[in-house]
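S.K.: I have a structure here, written as structure tokens, and I will follow up with some questions on it.
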Amino acid sequence: MLTLFYLLAAVSVIAALVVVAAKSPITSVIALIVCFLSIAGHYVLLNAQFLAMVHVIVYTGAILILMLFVIMLLNMNEEVEKRKPVLARISAVVTGGLLLLVLLAATRQGLNLSASGDLAGGTGLVKHIGTVLFREFLIPFELSSVLFLSAMAGAMMLAKKDGTEHINLPPSSEPDEA
Amino acid sequence: MEELMTAIRVVPMEHYFVLSFLLFSIGMAGALLRRNILIIIMCLELMLNSVNLLLVALSAWFGDAGGQVMVFFIMLVAAAEVTVGLAILVQLKRNAEGVDINQLNRLKW
Numbered sequence: 023m024l025t026l027f028y029l030l031a032a033v034s035v036i037a038a039l040v041v042v043a044a045k046s047p048i049t050s051v052i053a054l055i056v057c058f059l060s061i062a063g064h065y066v067l068l069n070a071q072f073l074a075m076v077h078v079i080v081y082t083g084a085i086l087i088l089m090l091f092v093i094m095l096l097n098m099n100e101e102v103e104k105r106k107p108v109l110a111r112i113s114a115v116v117t118g119g120l121l122l123l124v125l126l127a128a129t130r131q132g133l134n135l136s137a138s139g140d141l142a143g144g145t146g147l148v149k150h151i152g153t154v155l156f157r158e159f160l161i162p163f164e165l166s167s168v169l170f171l172s173a174m175a176g177a178m179m180l181a182k183k184d185g186t187e188h189i190n191l192p193p194s195s196e197p198d199e200a
Numbered sequence: 594m595e596e597l598m599t600a601i602r603v604v605p606m607e608h609y610f611v612l613s614f615l616l617f618s619i620g621m622a623g624a625l626l627r628r629n630i631l632i633i634i635m636c637l638e639l640m641l642n643s644v645n646l647l648l649v650a651l652s653a654w655f656g657d658a659g660g661q662v663m664v665f666f667i668m669l670v671a672a673a674e675v676t677v678g679l680a681i682l683v684q685l686k687r688n689a690e691g692v693d694i695n696q697l698n699r700l701k702w
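Next comes the structure, spelled out in structure tokens:
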């Protein structure tokens, strides 16, 4: 079990690094799919089977394929992304490292978690999750349908090709040389 | 089903913390590092998923299903957010000729 955890963790971290470092957006999306599948593997290891299924269906099946569609429809694969200046890149990496350091230091000795529930692992099964979802979280569950409806309407309104004038950026507005 | 056992009894809880923090930091660094808006959205998804992983691990640790329901709602909100974000991206690509985040610097004033 422990080796399986380490294997999945290594796959997740390496795939996340590939997402950040890859040149082409297609490579990034595929690495993100690998990363999310390994996270679904973590959910299976934690016996959260309902969430593992939902994660694979919603994230890998819907969201990332949608991103892949957008990349291919917009022909974003061929354009070369200009890089940020060296100072900005160094400071971004340093910021990530410092964030990791702070988070690790904050939880290094402050966590004396004692498991209060049963570790039998029945919490993630579909039956239990469904009971909790429809007993205690019924109102948020119904409200999320309203959220989806508004998101759908908003996306259709945003992506519609209208006949209004374009923004017309001046060509000198790229601050690359700074 | 009982022999498909939960890893929470074997793997120490700190391992899940470290893994989640690693993924979150990588996502944060990537969001600051890249200029393509699509990749920034992907890094945001990565950060959301690291938090989801920690919530599921803590939920299994405490035996409380509320954390997993919370993860379910986070997934719903992320789906809606990505839909609207990609629509904005398509419109940006169509009108502003690019998906470079630096072209949006006129939003600063």
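Residue numbers (our numbering), protein chains in the order written: chain B, 23 to 200; chain U, 594 to 702.
Note that CB positions come from ideal geometry on N, CA and C, so glycine has one too.
Consult DSSP for N629(U) and reduce its assignment to one of helix, strand or coil.
M.R.: Note: N629(U) maps to strand in three-state DSSP.
S.K.: Apart from the five residues just before and just after F170(B), which ones in its own chain have a Cβ nearer than 6 Å to its Cβ?
M.R.: Same-chain partners within the cutoff: there are none.
S.K.: So the candidates are A624(U), L637(U) and I632(U); which of them puts its Cα closest to the Cα of M668(U)?
M.R.: Nearest C-alpha to M668(U): L637(U).
S.K.: Under 7 Å between beta-carbons, which chain U residues line up against G83(B)? List them in chain order, please.
M.R.: In chain order: nothing, as chain U lies at least about 11 Å away.
S.K.: Just list the residues that DSSP pairs D693(U) with in beta bridges.
M.R.: D693(U) pairs with N629(U).
S.K.: Go through the segment 153–180 of chain B residue by residue and report every complete run of the alpha helix (DSSP H) that reaches 4 residues or more, in order.
M.R.: As far as the segment 153–180 of chain B is concerned, it has no whole alpha helix (DSSP H) run of at least 4 residues.
S.K.: Is the distance from the Cβ of L625(U) to the Cβ of A114(B) below 7 Å?
M.R.: Yes.
S.K.: Closer than 7 Å, CB to CB, is K686(U) near chain B or not?
M.R.: Answer yes: the Cβ-Cβ gap between K686(U) and chain B drops below 7 Å somewhere.
S.K.: What does L639(U) reach in chain B if we use C-beta pairs closer than 8 Å?
M.R.: Within 8 Å Cβ-Cβ: A38, V41, L54 and C57.
S.K.: Contact defined as beta carbons within less than 8 Å: I believe V41(B) pairs with M635(U). What is the distance between those atoms, to the nearest angstrom?
M.R.: Between M635(U) and V41(B) the Cβ distance is about 6 Å, and since that is below 8 Å, they are a contact.
S.K.: From I632(U) to S50(B), what distance separates their C-alpha atoms?
M.R.: If I take the Cα positions, the gap works out to 7 Å.
S.K.: Which bits of chain U does G118(B) rub up against, with CB to CB less than 7 Å?
M.R.: Those within 7 Å of G118(B) in chain U are S618, I619, M621 and A622.
S.K.: Do the segment 602–618 of chain U and the segment 665–679 of chain U meet, that is, are 3 or more Cβ pairs less than 8 Å apart?
M.R.: Cβ pair count under 8 Å is below three, so no.
S.K.: Alpha carbon to alpha carbon, how far is V80(B) from L679(U)?
M.R.: Straight-line Cα distance between these residues: approximately 16 Å.
S.K.: Would you kindly check if the distance between the Cβ of S60(B) and the Cβ of L24(B) is under 7 Å?
M.R.: No, the pair does not count as a contact, with Cβ atoms beyond the cut-off.
S.K.: Please confirm if F610(U) has its CB atom under 7 Å from at least one CB of chain B.
M.R.: Closer than 7 Å to some Cβ of chain B, the Cβ of F610(U) qualifies, so yes.
S.K.: Is the Cβ of G678(U) closer than 7 Å to any Cβ of chain B?
M.R.: No, G678(U) lies away from the interface with chain B (no Cβ there is under 7 Å from its Cβ).
S.K.: Are A173(B) and V677(U) closer than 7 Å when you measure CB to CB?
M.R.: Cβ atoms of A173(B) and V677(U): closer than 7 Å.
S.K.: DSSP three-state label for L203(B), please.
M.R.: Chain B is shown only over 23 to 200; residue 203(B) falls outside these bounds and no answer can be derived.
S.K.: Quick check: is the beta carbon of V644(U) nearer than 7 Å to any beta carbon in chain B?
M.R.: False, the Cβ-Cβ gap to chain B never drops below 7 Å.
S.K.: May I have the straight-line CA-CA distance separating M709(U) from N645(U), to the nearest angstrom?
M.R.: Residue 709(U) falls outside the range modelled here, since chain U spans only 594 to 702, and no answer is possible.
S.K.: Using a Cβ-Cβ cutoff of less than 6 Å, which residues in the same chain neighbour G623(U) once the five nearest sequence positions on both sides are dropped?
M.R.: Excluding residues within five positions, the ones whose Cβ falls inside 6 Å are C636.
S.K.: May I ask which residues mark the beginning and end of the alpha helix (DSSP H) holding S50(B)?
M.R.: Where S50(B) is concerned, the enclosing alpha helix (DSSP H) stretches over P47 to L67.
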